[in-house]
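**Student:** My structure is below; once you've seen it, I'll send some questions.
Number of protein chains: 2
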Amino acid sequence: MKIAIDVMGGDNAPLAPICGGVMAAKAYGEEILLVGQQDAIHRILKEQGAEGVNGITVIHAPDVVDMHDDPATVLRQKPESSMAVALKLVKDGKADAIVSAGSTGALLSGATLLCKRIKGIRRAALAPLMPCAGGQVMLVDAGANTECTTEYLLQFAFLGSLYAEKILGIQSPRIGLVNNGSEDSKGDTMRKETYALLKEAHEAGRLNFVGNVEGTDVPAGKCDVAVCDGFAGNVMLKTIEGVAKFMAGEIKKVFMRNAATKLAYQACKKGMDEFRELFNQDAIGGAPFLGIAHPVIKAHGSSSDVAFMNAVRQAIAYTKSGMIETVSQNIDHMTISH
Amino acid sequence: MKIAIDVMGGDNAPLAPICGGVMAAKAYGEEILLVGQQDAIHRILKEQGAEGVNGITVIHAPDVVDMHDDPATVLRQKPESSMAVALKLVKDGKADAIVSAGSTGALLSGATLLCKRIKGIRRAALAPLMPCAGGQVMLVDAGANTECTTEYLLQFAFLGSLYAEKILGIQSPRIGLVNNGSEDSKGDTMRKETYALLKEAHEAGRLNFVGNVEGTDVPAGKCDVAVCDGFAGNVMLKTIEGVAKFMAGEIKKVFMRNAATKLAYQACKKGMDEFRELFNQDAIGGAPFLGIAHPVIKAHGSSSDVAFMNAVRQAIAYTKSGMIETVSQNIDHMTISH
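Going down the list, the sequences are from chains A and B.
Going left to right, the first sequence walks through residues -14 to 323 as my numbering numbers them.
Going left to right, the second sequence walks through residues -14 to 323 as my numbering numbers them.
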């Protein structure tokens, strides 16, 4: 198996993606394609004493996608960028999956354009894992689609369910529909229609639909997959991050208050480390773009080398899972006949 | 001034609203109308030794709105309910404002039907205050309107700005538009149109619009008023509550870990009490329904007596502020000519 890493994307590029790729090659024994400016890659491999590591291949791409580029058009304008070249490797069957910490919008457009969506899937969704009571919850869609339809939401539910089952190893994942109340009748027309379709899928044994979930229910761990339009999903994702950061800052103040609290911190250090680890995105790796016909993993912009290694682990598991084939085989259950 | 309290609404009714009303009468020197089943009210006043407290008037309402009633029709079906009677007091000029911890939907429908909206205001919005870095942020709308228009959002911005200025005492409140990215071009058509109108209002000196805000920005305190459709606003409000609860639970585990951490807690107790106070909704009191032609304060369902007292404080400040008149005088800036 070959995993392409766009080494020019993200805040810590190219060092973190290159080091993460090397760590992944050693840890997982699969072939890693480091895509980017070859001089920089070779220099860093040398500096890191990783020149001869088994399973590392360098693929030159002179250009770089940056945050000022228009996401919708950049991959056409910069066909020699590391992101475009890495996506083309996947498209051409020269790589099985791609990991990138570059622009979310550019990666989504590029993946849709080059790797295509699974036949019958209307839109790809960004599906990050968030911490919650008892483990993690997958949010589908967390921002790829500002405006959605009932059919998109139905597909997000199936895609999330299959990912949770096949890649995360959750048996019969609990699917919740993010809504403004838990009662069956809540939400706008799109939510009500989606509720009816998910209930039908549940009754047919195709999904484990647990009903509407509110903003309180998602961090409480009431579902494994939270289905949402990309606007509210993005608001939820960022709000979780924002509140976690705000509260962590306030907790820090509690411990920094005086000499006694600083001493108290020593007793609590192990617990606090575990607490911080809950919100450590690096341990997760990245978020898949579900619905694309090949595994595409969007790593967080601030990804460390460990985050890239974990994103590669995710890409390998995704590739091995056979999930994309399963989606294709069951696409009839995920489409609304008009 | 007369403030009506619906004493049959909320998880702790009628005890908490009655005791809160008595505390408010003593603290603020305004007349409090306790609306509900008179036998229960007199019995509780007696038990609490509050029979002769100055400024307390009991108004009998035999019926009660409960959570199983249809919010849209209950006040017509139960005209003798405490909520309906209290709203009618306001409508008839026998009370200046109302505080209720009853069903949000019923209070919204009833307030709209009986107290009416300010002329020109299209929809009332629920506007709770949430904790954030550096203070509090008002979320408008947090759930009254599942589906919105550009004009609603424009009005929410003005209503929130005026409330923050006149009742919360914030000079030139910073207005943010909740969006899925901070760039000017983000969001759906409604968000883009609203952005343009808010920018125009800012340039004309009518609002202090600070641009789009993401879910991360709201807990970080980047605005005083966050403008949102009621669906995403409800998701944001509940997500803040959910994450805060989840994290508080995890922090508790850190301190409950062993004998040393339990001892450490003693050193941190004062700081932890202040930390918890940040998220104490009772200290705020309630959320106004902005846009109604009289002050209507929705108290949290789990409100304590202190919460009711603070909600009355809010109702008094709202009544004194002259905000509703200011909205009427400036309604031309808040409407879109068609």
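Just so you know, even glycine gets a beta-carbon here, dropped at the ideal spot from N, CA and C.
Should the stretch 292 to 299 of chain A be called in touch with the stretch 312 to 320 of chain A, which here means at least 3 C-beta pairs below 8 Å?
**Tutor:** no
**Student:** Excluding sequence positions up to five away, which residues of its chain have a Cβ less than 6 Å from the Cβ of B/A186?
**Tutor:** Within the same chain, B/A186 has close Cβ partners L192.
**Student:** Starting from A/D202, trace the beta strand (DSSP E) both ways and give me its first and last residue.
**Tutor:** No beta strand (DSSP E) contains A/D202, which DSSP labels as neither H nor E.
**Student:** Please check the pair B/A82 and B/A300, which I expect to be a contact at CB under 8 Å, by giving their CB distance rounded to whole angstroms.
**Tutor:** B/A82 to B/A300, Cβ: 4 Å. Contact.
**Student:** Anything in chain A within Cβ reach of B/M257, meaning under 9 Å, just list it in chain order.
**Tutor:** I236 and V239
**Student:** At a Cβ cut of 7 Å, what residues of the stretch 250 to 275 of chain A count as close to chain C, listed as they run along the chain?
**Tutor:** Judged by its chain identifiers, the structure shown contains no chain C, and its protein chains are A and B.
**Student:** Does the Cβ-Cβ distance between A/I44 and A/A10 come in under 9 Å?
**Tutor:** no
**Student:** What are the complete beta strand (DSSP E) segments, minimum 3 residues, inside the stretch 50 to 115 of chain B?
**Tutor:** 82 to 85
**Student:** Can you pull the chain A neighbours of B/I225, defined as C-beta to C-beta under 7 Å?
**Tutor:** T224 and V228
**Student:** CB A/A57 to CB A/L18, shorter than 9 Å?
**Tutor:** no
**Student:** Can you list the residues of chain B that A/F194 reaches, using a CB-CB cut of under 8 Å?
**Tutor:** Residues of chain B passing the Cβ test: none, with the nearest at roughly 19 Å.
**Student:** Find the nearest neighbour of A/A268 within the set A/L98, A/Q121 and A/Q22, judged by alpha-carbon distance.
**Tutor:** A/Q121
**Student:** For B/L111 and B/A96, which I take to be in contact (beta-carbon distance under 8 Å), what is that distance rounded to the nearest angstrom?
**Tutor:** Not really, about 11 Å apart at Cβ, beyond 8 Å.
**Student:** Taking only beta-carbon atoms, is A/R242 less than 9 Å away from chain B?
**Tutor:** yes
**Student:** Within 9 Å (strictly less), CB to CB, does A/E136 reach chain B?
**Tutor:** Not closer than 9 Å to any Cβ of chain B, the Cβ of A/E136 fails to qualify, so no.
**Student:** Thinking A/M344 and A/G(-6) are a contact (beta carbons under 8 Å), I'd like their distance in whole angstroms, please.
**Tutor:** This structure gives no information on residue 344 of chain A, because the portion of chain A shown stretches from -14 to 323.
**Student:** Identify every residue that forms a DSSP beta bridge with A/R159.
**Tutor:** A/N193
**Student:** Measure how close the beta-carbons of A/D173 and B/T131 come, nearest whole angstrom, since I'm counting them as under 8 Å.
**Tutor:** Right, their Cβ atoms sit about 5 Å apart.
**Student:** Please report the distance separating the alpha-carbon of B/I84 from that of B/V20.
**Tutor:** Contrary to the premise, residue 84 of chain B reads as Val rather than Ile in this sequence. Rounded to the nearest whole angstrom, the CA to CA distance from B/V84 to B/V20 is 10 Å.
**Student:** Which same chain residues end up closer than 7 Å to A/P116 when comparing Cβ atoms and leaving out the 5 residues on each side of it in sequence?
**Tutor:** L263 and F264
**Student:** Assign A/G276 to one of three DSSP states: helix, strand, or coil.
**Tutor:** coil
**Student:** Can you grab the Cα-Cα spacing for the pair B/R107 / A/L183, in whole Å?
**Tutor:** 34 Å
**Student:** Should B/I309 and B/I103 be called a contact, given that it needs their Cβ atoms to be closer than 9 Å?
**Tutor:** yes
**Student:** At 8 Å on the CB atoms, spell out the chain B contacts of A/T246, in chain order.
**Tutor:** A252, C253 and G256
**Student:** Could you check whether the Cβ of B/F141 sits closer than 9 Å to any Cβ belonging to chain A?
**Tutor:** no
**Student:** Strictly under 9 Å for the Cβ-Cβ distance: is B/D202 near chain A by that measure?
**Tutor:** yes
**Student:** Measuring straight from C-alpha to C-alpha, what distance separates A/M175 and B/A129?
**Tutor:** Taking the straight line joining both Cα atoms gives about 17 Å.
**Student:** Does DSSP put A/E16 in a helix, a strand or coil?
**Tutor:** strand
**Student:** When you compare each of A/D(-4), A/L60, A/G105 and A/G37 to A/A278 by their alpha carbons, which one comes out closest?
**Tutor:** A/G105
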